[in-house]
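Student:
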Amino acid sequence: MIKEDLQNRIDTLFPGLNNKAEITNENTVAADNLWKTVSTKYVDKVRKILAPISELTLDVYPDLTVRNAKASATVQVEVIDSMGDAIENNTDWNKSDIQNHYVDVKLDRISRPFYLTSYDLMHGERIESKVGAAMETVAQAIVKKFFTAATAGAAKETIATFGPEAAAKLSAAFGDARETEALILEPAAYSKLVPTNGLSLNPEVEGTYGIGRIHKSLIGVEGVNAIALAKDAVVGAMGTQETLLTQPGQIVQSLGTVAGVPMVLIGHWSYDEQAMKMSVETFAGFTQTSADFVKTYAIQG
-11 MIKEDLQNRI DTLFPGLNNK AEITNENTVA ADNLWKTVST KYVDKVRKIL APISELTLDV
49 YPDLTVRNAK ASATVQVEVI DSMGDAIENN TDWNKSDIQN HYVDVKLDRI SRPFYLTSYD
109 LMHGERIESK VGAAMETVAQ AIVKKFFTAA TAGAAKETIA TFGPEAAAKL SAAFGDARET
169 EALILEPAAY SKLVPTNGLS LNPEVEGTYG IGRIHKSLIG VEGVNAIALA KDAVVGAMGT
229 QETLLTQPGQ IVQSLGTVAG VPMVLIGHWS YDEQAMKMSV ETFAGFTQTS ADFVKTYAIQ
289 G
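Below is the structure:
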């Protein structure tokens, strides 16, 4: 039989797991405070990981209904190509010039499972650091999926020396067809744009070098150190799968939506292994709308 202190710790993490009244114990942290701690400590860090893609995805699906739990959901995301021109002193509102199309986005389940044993729990093992680390790992996997989708078939160029002048030229990467909505740089390239005494331009400010946003991120695509994207170059969808969250004996704790990505913590107590088994979960997918709207760069120096 689980000792009372251990039971209290489990109930703190997942209230209602054992279908019993909540135990009040002044030596344990209330569940609400626990998740508030997770949120304040780690959400900002996760948001920074997701920053390069947060403004480039169009839709979030909070609950995906998929009958087969092993199947990946495919959703359609709308892309608006044109709204037509604004009309001055209009006299006829019975018209629409919207031009749009839909893109299929396949969502894959992204998980980072882990567990705490009864030994860990009895010795005061902290849950929030593990949940935070799992959230970061899931966020990094989402960003990697984005870069893989974004760079597929995209044109690749070489930049001999990177700096402010080279960055300014990338503001016209797509000529007169489209503006450069975002420029994503690996850390070594980004560092060459950091303000100095002789140059006060800050890459974190919107519109610097004529580019919508400049982000620093580990791209993880071989031979690619920078990615320029036009508006709607990549569309994405994120969500949580409804059928996975309602299984018997399973407790789900929402971790909130971070930079457009909803995350949940699923858990259950394993009596056979005397461990609390948990996993941070989400679904995410991305589709490139046109290779003409993406350019990748290899930076030599």
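Mapping to the numbering used here: the sequence shown position 188 is 176, numbers consecutive. Note that the Cβ used here is the ideal one computed from N, Cα and C, for glycine as well. What you are looking at is a predicted structure, and each value in this text was computed from that prediction instead of being measured.
(1) Return helix, strand or coil for residue 276, following the three-state DSSP convention.
(2) Going by beta carbon distance, what residues of the same chain come within less than 6 Å of residue 150, once the five residues before and after it are set aside?
(3) Using only alpha-carbon positions, find the residue among 227, 146, 102, 38 that is nearest to residue 258.
(4) Can you grab the Cα-Cα spacing for the pair residue 209 / residue 83, in whole Å?
(5) Let me know the secondary structure DSSP gives residue 206 once reduced to three states.
(6) What residue does the alpha helix (DSSP H) around residue 130 start on, and which one ends it?
(7) Considering Cα atoms alone, identify which of 201, 61, 122, 123 is closest to residue 172.
(8) Look up residue 290 in the DSSP assignment and say whether it is helix, strand or coil.
(9) Specify whether the segment 246 to 265 and the segment 150 to 164 touch according to this definition: at least 3 beta carbon pairs, one from each stretch, less than 8 Å apart.
(10) Buried or exposed for residue 107, going by 16 or more other Cβ atoms inside 10 Å?
(11) If the criterion is Cβ atoms closer than 9 Å, does the pair residue 144 and residue 284 meet it?
(12) Can you tell me whether residue 12 is buried or exposed? The criterion is at least 16 other CB atoms within 10 Å of its CB, across all chains shown.
(13) Kindly give me the distance between the Cβ atoms of residue 119 and residue 268, rounded to whole angstroms, as I take these residues to be in contact under 8 Å.
(14) Whose C-alpha, out of 127, 227, 266, 139, is nearest the C-alpha of residue 238?
(15) Around the C-beta of residue 205, are 16 or more other C-beta atoms found within 10 angstroms, so that it is buried, or is it exposed?
(16) Would you call residue 255 buried or exposed, if buried means 16 or more other Cβ atoms sit within 10 Å of its Cβ?
(17) Work out the CA separation of residue 279 and residue 227 for me, nearest whole Å.
(18) Between residue 105 and residue 263, which are expected to be in contact by the criterion C-beta below 8 Å, what is the C-beta distance as a whole number of angstroms?
(19) Going by C-alpha distance, which of 277, 281, 282, 289 is nearest residue 67?
(20) Can you tell which of 30, 273, 272 has the C-alpha that lies nearest to the C-alpha of residue 121?
(21) Where does residue 182 fall in DSSP's three states?
(22) Tell me which same chain residues have a C-beta within less than 7 Å of the C-beta of residue 71, skipping the five on either side of it?
(23) Which residues in the same chain have their Cβ closer than 7 Å to the Cβ of residue 123, if we skip the five residues on either side of it in sequence?
(24) Looking at the strands, I want to know which residues DSSP matches up with residue 62.
(25) Going by alpha carbons, who is nearest to residue 95 out of 88, 61, 110?
(26) At the level of alpha carbons, what is the spacing between residue 142 and residue 169?
(27) In three-state DSSP terms, what is residue 172?
(28) Going by Cα to Cα distance, which pick from 220, 261, 224 is closest to residue 282?
Tutor: Taking the structure as given:
(1) strand
(2) 177, 180, 287
(3) 102
(4) 45 Å
(5) coil
(6) 116 to 139
(7) 201
(8) The chain is shown from -11 up to 289; residue 290 falls before or after that span and cannot be answered.
(9) no
(10) exposed
(11) yes
(12) With a pLDDT of 34 at residue 12, under the threshold of 50, the predicted position of this residue should be treated as unreliable, though the coordinate-derived value follows. Under this definition residue 12 is an exposed residue.
(13) 7 Å
(14) 266
(15) buried
(16) buried
(17) 26 Å
(18) 5 Å
(19) 277
(20) 30
(21) coil
(22) 85, 86
(23) 30, 34, 243, 251, 268
(24) 94
(25) 61
(26) 16 Å
(27) strand
(28) 220
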